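Undergrad: Mind looking over this structure? Questions follow.
Residue numbers (UniProt numbering), protein chains in the order written: chain A, 1 to 287; chain B, 1 to 280.
In structure tokens, the structure reads:
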């Protein structure tokens, strides 16, 4: 499902002394089936844009088209249920939203809210728990007895239980250790293929953008600064630095090598790409 | 150098736990005044539990904690908390003020600091974390990274002797993280601050004088950052990332390239590759 922004502006608390314009003239498309990374300096408007993806916020000006639903400043808050089912958002620290007595009930809460019978919802809960890589024996446990990483997976299972077509992830690996981060990112990549999801990832981790995304939107001061493939975006380190953004580790290291005189046909973004290019240049040195 | 933190045979168990297993087992260490110590370990290893024991947010089953010469007890806990500033991973849990400036001023008001001094310190602290423009905004409406900066400003203004950072830079972008670490270095230079940082970030760990590794509630290793980083791939199990040269070495091995077994810094790795290619 594609999401299309046309001339979108958004102001928090308009008409009060706290009024702040968070988005200005946003024209951008999240293509159907893409893995889109949304990047930008702290406070650039990423989280505000994200909340427009399922109409949690409605634009102050302009329109957001989500699949075949058009959201305008006048759209009523009623009848947004179907939309919220199609676009699932995993917020920062989603484990803080867990509340039920058991893991099964917590995951089943969403589907039941959308009209599924208790039996069906609990069946879905069991399926979703397996999907996020947790053991079925956790179903009857209290979510609060789990580890932080497990709690986060349960919260994600709760979003997946609504069978969304678009999965929006707001810094989903924040606070996890490196091993947990890798497992979580691999899980999303697998889910995307198995369930043919459109994924939107908000992140500061440029390595994740390089490893997983196929489309990048760069935000700066509430505006769209650039869009393109990771290859295109990371081609211009100086521009990125001006927008307070870094490079993937590999790209930064490749630049050190280039300064010494090693040349690359294409700027490498991942360590495997760099290793491949180096092995190729070494030719005889490989075994 | 005098010891500002001294922990002896600390055992801790969460009261709501149904098993007898300890979350912290026989933890002993000390930190010298002015030292920067990083505590690393994978999620669930007991790092945050340890931090919360240090200022009496959690009470141990047994063991003794001495902070700045005072043994932690019900009588001393309030004195000790005045000496320790804590910044958590998710600052939403610690905001109290209606505006950013109010929030930063909160602990100063508690300490009974005169208004004139307070206003000046709040402005200075906000300037140091580059958040002056947000002075009159509501903390709740800031982004995750901005919130972490405001929480840190609160600590800068309060001027504690000991600063405990519990994954306090995890929500910042790489640039913001570098700025915050620079701010902490500045605070240390200005005031002989003692820093205890709980982190998964290899750059933050590298800033420390000493690294303590916690696993399953026990202190399993300590050393300088360079000593700890020599562990290579085993660092992942310690809850740290592999340094980039180690990651690239692994990728080169997958391509059939023979790589040196000794630890290389990024510069060392670049030199080695350049030599290999130019001698070909």
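Glycine included, C-beta positions come from ideal geometry on N, C-alpha and C.
Values in this document were obtained by computation on a predicted structure and should not be read as measured data.
#1: Taking 8 Å as the CB-CB limit, is residue 212/A close to chain B?
#2: So which residues of chain A does residue 170/B contact, with C-beta pairs closer than 8 Å?
#3: Note down, in chain order, every chain A residue with its Cβ under 8 Å from the Cβ of residue 274/B.
#4: Do the CB positions of residue 38/A and residue 202/A come within less than 8 Å of each other?
#5: Along the region 245-259 of chain B, where does the CB come closer than 7 Å to a CB of chain A? Name the residues.
#6: Kindly indicate the opening and closing residues of the alpha helix (DSSP H) around residue 184/B.
#7: Assign residue 65/A to one of three DSSP states: helix, strand, or coil.
#8: Using the DSSP secondary-structure output, state which residues sit across from residue 71/B in a beta bridge.
#9: Residues of chain B with a CB under 7 Å from the CB of residue 42/A: which are they?
#10: Alpha carbons only, please: which of 216/B, 98/B, 101/B and 14/B is nearest the one belonging to residue 61/B?
#11: Please say whether residue 166/B and residue 51/B have beta carbons closer to each other than 8 Å?
#12: Only counting the same chain, and skipping five residues up and downstream in sequence, which positions put a Cβ closer than 6 Å to that of residue 286/A?
#13: Establish whether the CB of residue 287/A and some CB of chain B are separated by less than 8 Å.
#14: Residue 184/A: buried (16+ other C-beta within 10 angstroms of its C-beta) or exposed?
#15: If distances are taken between C-alpha atoms only, which option among 26/A, 22/A, 164/A and 44/A comes closest to residue 245/A?
#16: Could you spell out where the beta strand (DSSP E) holding residue 6/B opens and where it closes?
#17: Going along the chain, which residues of its own chain have a beta-carbon closer than 6 Å to the beta-carbon of residue 222/A, five neighbours each way excluded?
#18: Distance check for residue 123/B and residue 192/B, CA to CA, integer angstroms please.
#19: Is the Cβ of residue 270/B closer than 8 Å to any Cβ of chain A?
#20: Among 135/B, 125/B, 144/B and 263/B, whose alpha-carbon lies nearest the alpha-carbon of residue 88/B?
#21: Smallest Cα separation from residue 111/B: which of 154/B, 138/B and 135/B?
#22: Pairs of beta-carbons, one from the region 259-274 of chain A and one from the region 3-14 of chain B, closer than 8 Å: are there three or more?
#23: Flag this pair as yes or no: are the beta carbons of residue 260/B and residue 274/B separated by less than 8 Å?
#24: Run the CB neighbour count on residue 95/B, radius 10 Å, all protein chains shown included, and call it buried at 16 or more, exposed below.
#25: Pop quiz: residue 172/A and residue 90/A are said to be a contact at Cβ under 8 Å. What is the actual Cβ separation, rounded to whole angstroms?
#26: Can you tell me whether residue 214/B is buried or exposed? The criterion is at least 16 other CB atoms within 10 Å of its CB, across all chains shown.
#27: Whole angstroms are fine: how far does the CA of residue 114/A sit from the CA of residue 162/A?
#28: Exposed or buried, what is residue 56/B when buried is set at 16 or more other beta-carbons lying within 10 Å of its beta-carbon?
#29: Residue 179/B touches chain A at which residues, Cβ-Cβ below 9 Å?
#30: Taking just the CA atoms, how far does residue 235/A sit from residue 249/A?
#31: Roughly how many angstroms lie between the CA atoms of residue 78/B and residue 187/B, to the nearest whole one?
#32: Ignoring anything shorter than 3 residues or poking outside the region 131-178 of chain A, list the beta strand (DSSP E) runs there in chain order.
#33: Assign residue 10/A to one of two classes, buried (16 or more other C-beta atoms within 10 Å of its C-beta) or exposed (fewer than that).
#34: Which first and last residues belong to the alpha helix (DSSP H) in which residue 104/B is found?
#35: Can the beta-carbon of residue 173/B be found less than 8 Å from the beta-carbon of residue 42/A?
#36: For residue 283/A, return the contacting residues in chain B, with the cut-off set at a CB-CB distance below 8 Å.
TA: Concretely, from the data shown:
#1: Not one chain B Cβ lies under 8 Å of residue 212/A.
#2: Within 8 Å Cβ-Cβ: 174 and 175.
#3: 257, 260, 261 and 262, listed in chain order.
#4: Contact: yes.
#5: Within the region 245-259 of chain B, the residues whose Cβ lies closer than 7 Å to any Cβ of chain A are, in chain order, 247, 248, 251, 252, 254, 255, 256, 257 and 258.
#6: Where residue 184/B is concerned, the enclosing alpha helix (DSSP H) starts and stops at 174-191.
#7: Looking at residue 65/A - three-state DSSP - the assignment turns out to be strand.
#8: Partner(s): 66/B.
#9: Here the neighbours are 143, 145, 146, 172, 173 and 176.
#10: With distances taken between Cα atoms, residue 61/B lies closest to 14/B.
#11: Against a cut-off of 8 Å, the Cβ pair of residue 166/B and residue 51/B comes out as a contact.
#12: Residue confidence for residue 286/A is low, a pLDDT of 44 falling below 50, so the modelled location carries little weight and cannot support an answer.
#13: Confidence is the limiting factor: at residue 287/A the pLDDT is only 43, short of 50, which leaves the residue's position unreliable and the question unanswerable from this model.
#14: Buried, since its Cβ has 16 or more Cβ neighbours within 10 Å.
#15: Selected option, being the one with the closest Cα: 44/A.
#16: 3-12 is the extent of the beta strand (DSSP E) around residue 6/B.
#17: Within the same chain, residue 222/A has close Cβ partners 22, 23, 24 and 45.
#18: Their Cα atoms are separated by approximately 22 Å.
#19: Yes, residue 270/B lies at the interface with chain A (some Cβ there is under 8 Å from its Cβ).
#20: Checked all of 135/B, 125/B, 144/B and 263/B; the closest Cα to residue 88/B is 144/B.
#21: Nearest to residue 111/B by alpha-carbon distance, out of 154/B, 138/B and 135/B, is 154/B.
#22: Contact between the region 259-274 of chain A and the region 3-14 of chain B is absent: fewer than three C-beta pairs spanning the two stretches fall below 8 Å.
#23: The Cβ atoms of residue 260/B and residue 274/B lie no closer than 8 Å to each other.
#24: Residue 95/B is classed as buried because its beta carbon has at least 16 other beta carbons within 10 Å across all chains shown.
#25: Indeed they touch by this definition, with Cβ atoms about 6 Å apart.
#26: Under this definition residue 214/B is a buried residue.
#27: Residue 162/A and residue 114/A: Cα-Cα distance of roughly 8 Å.
#28: Residue burial annotation: residue 56/B is buried, with at least 16 other C-beta atoms found within 10 angstroms of its C-beta.
#29: Neighbours of residue 179/B on chain A: none; closest Cβ ~10 Å, over 9 Å.
#30: When rounded, the distance between both Cα atoms is 14 Å.
#31: Computed Cα separation, rounded: 23 Å.
#32: Listed in chain order, the complete beta strand (DSSP E) runs (minimum 3 residues) inside the region 131-178 of chain A are 166-170.
#33: Burial call: buried.
#34: Judged by DSSP secondary structure, residue 104/B falls within the alpha helix (DSSP H) whose first and last residues are 100-110.
#35: When the beta-carbon positions are compared, residue 173/B and residue 42/A come within less than 8 Å of each other.
#36: Those within 8 Å of residue 283/A in chain B are 280.
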